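91 is the number that my numbering gives the last residue of the sequence shown; the numbers go up by one with no jumps.
Beta carbons: idealized from backbone N, C-alpha and C, even for Gly.
None of the values given here were measured: they were computed from a predicted structure.
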Amino acid sequence: MSEAPFLHAESDSVRFWVPIGADWVGAIISRRTLHHRFRPQAEGEDPLETYQAHEREIHDAVRRRVAAGSREPVMLREYDLRTEPST
5 MSEAPFLHAE
15 SDSVRFWVPI
25 GADWVGAIIS
35 RRTLHHRFRP
45 QAEGEDPLET
55 YQAHEREIHD
65 AVRRRVAAGS
75 REPVMLREYD
85 LRTEPST
């Protein structure tokens with residue numbers, strides 16, 4: 005099941021699906037998490053636009069969470085989107 009990502013008004017979150025193997029995994033990321041992680045200086049940004057601009061990084065975070073045992077729906081937090089320090 006794959007639908008276009010959408011803003012779920014009641015939870016103020018973007019809901020989307022990520023292909024993992026032969027399955028599609030549902031996931032959620034809040035407007036607040038998108039704002040703080042990707043556009044902390046912006047005002048009034050569109051969460052769907054932010055999601056689309058960073059889709060690869062967000063989908064990779066969902067895949068990491070699923071690999072670690074998370075079940076659907078995967079709720080991403082700011083912590084899940086941290087960048088690993090380079091060595």
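* Can you tell me which of the three DSSP states proline 23 falls into? => strand
* Residues sharing a beta bridge with phenylalanine 10, DSSP -> Arg19
* Where does tyrosine 55 land, buried or exposed, given buried means 16+ other C-beta within 10 angstroms? -> buried
* In whole angstroms, what separates the C-alpha of threonine 91 from that of aspartate 50? -> Residue confidence for threonine 91 is low, a pLDDT of 48 falling below 50, so the modelled location carries little weight; the figure read from the coordinates is stated next. Those two C-alpha atoms are separated by around 34 Å.
* **proline 65 in three-state terms, based on DSSP** => The question names proline, but residue 65 is alanine in the sequence shown. In this structure, alanine 65 counts as helix in the three-state DSSP scheme.
* To do: Quick one: residues in its chain with C-beta nearer than 6 Å to the C-beta of valine 66, no 5 flanking neighbours on either side, listed in chain order?
  => Val22, Ala31 and Val78
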